[in-house]
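Below: the structure, in structure tokens.
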Amino acid sequence: MDLNSDLTAWLESLAEELELSDLDLDDDSVHTVLDLARDAAHHVDRPAAPLTTFLVGVAVGRGASLGSSAAKATALAVGEA
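The working numbering runs 48 ahead of the 1-based position in the sequence shown.
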């Protein structure tokens, strides 16, 4: 799935507004976060999606890797942790 131009433009604008212009938000990272949100919404509860992605973002901001943090959250959400 390629990101559509509206989503790409939105992410670029938001990154700039949040002074994250140096952030390299590649397709793999976007898909990881979208998959995580889907799993949290379907296996936990819809409001868990944005809150789960927020917490994973905090973990990444504190130095954890996105892949590892998303994997841990997904495992917990689907009951494999």
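Glycine residues also receive a C-beta, built at the ideal position from the N, C-alpha and C atoms.
Reduced DSSP secondary structure (H/G/I, E/B, other) of residue i
i      : result
Ser53  : helix
Leu68  : coil
Ser117 : helix
Glu60  : helix
Counted within 10 angstroms of its Cβ, other Cβ atoms place residue i as buried (16 or more) or exposed
i      : result
Val106 : exposed
Nearest-angstrom Cα separation, counted from residue j out to residue i
i     : j      : result
Ala57 : Ala123 : 31 Å
Asp70 : Lys120 : 26 Å
Asp93 : Asp83  : 14 Å
Limits of the unbroken alpha helix (DSSP H) element including residue i
i     : result
Arg86 : 75-91
Pro98 : 96-109
Residue of the options minimising C-alpha distance to residue i
i      : options                     : result
Thr101 : Ser113, Val81, Asp54        : Val81
Glu128 : Leu66, Ala88, Ala63, Leu59  : Ala88
Val108 : Val126, Leu66, Pro95, Ser77 : Ser77
Val126 : Leu66, Leu62, Leu114, Ala85 : Ala85
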